[in-house]
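Have a look at the structure below, then the notes.
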């Protein structure tokens, strides 16, 4: 069985080609610039050249590309964009127009003068990934599944806080089940509000394989939990410290016992220690995180977990893990199958098994490789 897993973050896109016949550690991997960073660089180059740009394609991740577009406009150059591409910056197109972007139709974009740089926006470029592998004589023609993770805020209605909308979505998903796989979907089952995930489906083309989508943050935590050290514990807190967002889950016998999500840029080690401690104590409040410009917090279980390292296990993953290097909580830094950067991809593999049960046994057997099952999977 062959599965392509692609975890698309702000800084990088992490790519794993999983073959169930091989040891997981021998999977082919690539860590490449994220699509929004690629767009950022191309916009910066257009600014340097003094060239107007037109953005087409679908809704993708913003951040760096948004900032580069803003700088381009401030430098006095034009940015045209189709509606779908413009929603990469904000779901409210009136806000995008106020920002200075000129909205055009697909036909109008195609008729723009040839000297205007055309940039097609999309988070997932299967053909590009396939070409990269082909340079090493690796073919992607016989895939059984493709799994892609993106961070999707969801399309909040006008007047609805993006942060609250995101956290309401998290609460809604957990209400359907306490396993991290509730944040994954088959392509045809993606909620209408998840516009970025739906855009990945549109840009994936005619894949001859099953397509599974998942949120990046839970995917990273689910992947981190495949680390042999973490798998041996039942009571724990696992945090993913991403470039833009930090999420932490409290985990117990029934699965998810609590969660909080915040913006990484607004955290430092002492503040993060405090949030993690209060979630473990059962005292963390939604308002505490939301009023600090985070997304929010939710606890299903308020009983204290006890002391980290003694009564419960604290684990950390994510590209900004170094923030916790001097933490007073003495966290364990997860390296599932020896590679922290692939945590999201390993989480995607587990999600494929959940969404496509026909593949589950083979995926789990390949991932286990003689490792003991974690307590929550024992009969």
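Residue numbers (my numbering): 3 to 381. Even glycine gets a Cβ: it sits at the ideal position worked out from N, Cα and C. Remember, it's a predicted structure, so these values are computed and weren't measured experimentally.
Residue i in three-state terms, based on DSSP
i, result
"residue 256", "coil"
"residue 162", "coil"
"residue 172", "helix"
"residue 359", "helix"
"residue 212", "strand"
"residue 333", "coil"
"residue 128", "helix"
"residue 118", "coil"
"residue 266", "helix"
"residue 32", "strand"
"residue 12", "coil"
"residue 58", "strand"
"residue 310", "strand"
"residue 349", "helix"
"residue 109", "helix"
"residue 235", "coil"
Distance between residue j and residue i (C-alpha atoms, nearest Å)
i, j, result
"residue 363", "residue 355", "8 Å"
"residue 66", "residue 39", "6 Å"
"residue 18", "residue 209", "17 Å"
"residue 287", "residue 299", "6 Å"
"residue 361", "residue 77", "52 Å"
"residue 324", "residue 246", "14 Å"
"residue 98", "residue 314", "46 Å"
"residue 166", "residue 173", "10 Å"
"residue 109", "residue 84", "9 Å"
"residue 233", "residue 31", "23 Å"
"residue 333", "residue 28", "28 Å"
"residue 401", "residue 237", "No answer is possible for residue 401: the residues shown for the chain start at 3 and end at 381."
"residue 143", "residue 113", "35 Å"
"residue 254", "residue 5", "30 Å"
"residue 340", "residue 160", "44 Å"
"residue 163", "residue 139", "48 Å"
"residue 348", "residue 199", "19 Å"
"residue 7", "residue 37", "16 Å"
"residue 132", "residue 141", "7 Å"
"residue 277", "residue 35", "31 Å"
"residue 25", "residue 289", "45 Å"
"residue 158", "residue 93", "7 Å"
"residue 9", "residue 352", "13 Å"
"residue 279", "residue 367", "35 Å"
"residue 359", "residue 48", "47 Å"
Residue i - containing beta strand (DSSP E), residue span
i, result
"residue 287", "No beta strand (DSSP E) holds residue 287; DSSP gives it neither H nor E."
"residue 27", "Per DSSP, residue 27 belongs to no beta strand (DSSP E) and is neither H nor E."
"residue 83", "81-83"
"residue 243", "238-243"
"residue 319", "315-319"
"residue 150", "147-152"
"residue 225", "Element bounds for residue 225: not the beta strand (DSSP E) but the alpha helix (DSSP H), 218-226."
"residue 298", "298-301"
Residue i and residue j closer than 8 Å at C-beta
i, j, result
"residue 222", "residue 337", "no"
"residue 61", "residue 177", "no"
"residue 331", "residue 307", "no"
"residue 1", "residue 344", "Residue 1 lies beyond the range of the chain shown here (3 to 381); nothing can be said about it."
"residue 74", "residue 55", "yes"
"residue 87", "residue 59", "yes"
"residue 57", "residue 81", "yes"
"residue 225", "residue 195", "no"
"residue 228", "residue 350", "no"
"residue 150", "residue 126", "yes"
"residue 206", "residue 275", "no"
"residue 218", "residue 291", "no"
"residue 22", "residue 365", "yes"
"residue 79", "residue 102", "no"
"residue 257", "residue 180", "yes"
"residue 121", "residue 44", "yes"
"residue 91", "residue 64", "yes"
Start-to-end residues for the alpha helix (DSSP H) that takes in residue i
i, result
"residue 49", "37-51"
"residue 97", "95-101"
"residue 189", "No alpha helix (DSSP H) contains residue 189, which DSSP labels as neither H nor E."
"residue 202", "197-205"
"residue 65", "Here residue 65 belongs to no alpha helix (DSSP H), and DSSP marks it neither H nor E."
Close-in-space but distant-in-sequence residues of the same chain around residue i (CB under 6 Å, 5 per side omitted)
i, result
"residue 252", "239, 259, 260, 281"
"residue 171", "156"
"residue 249", "219, 242, 263"
"residue 310", "316, 331"
"residue 33", "14, 16, 343"
"residue 189", "203, 213"
Close Cβ partners of residue i (< 7 Å) along its chain, the five nearest in sequence each way excluded
i, result
"residue 295", "265, 268"
"residue 46", "70"
"residue 381", "Any reading at residue 381 must be qualified, since the residue scores a pLDDT of 42, below 50, and its modelled position is unreliable; no value is offered."
Spatial neighbours of residue i in its chain, beta-carbon cut-off 8 Å, leaving aside the 5 residues before and after
i, result
"residue 69", "42"
"residue 175", "184, 185"
Any non-hydrogen atom of the ligand MN within 7 Å of residue i CB
i, result
"residue 249", "Ligands displayed in this structure: none; no statement on the ligand MN is therefore possible."
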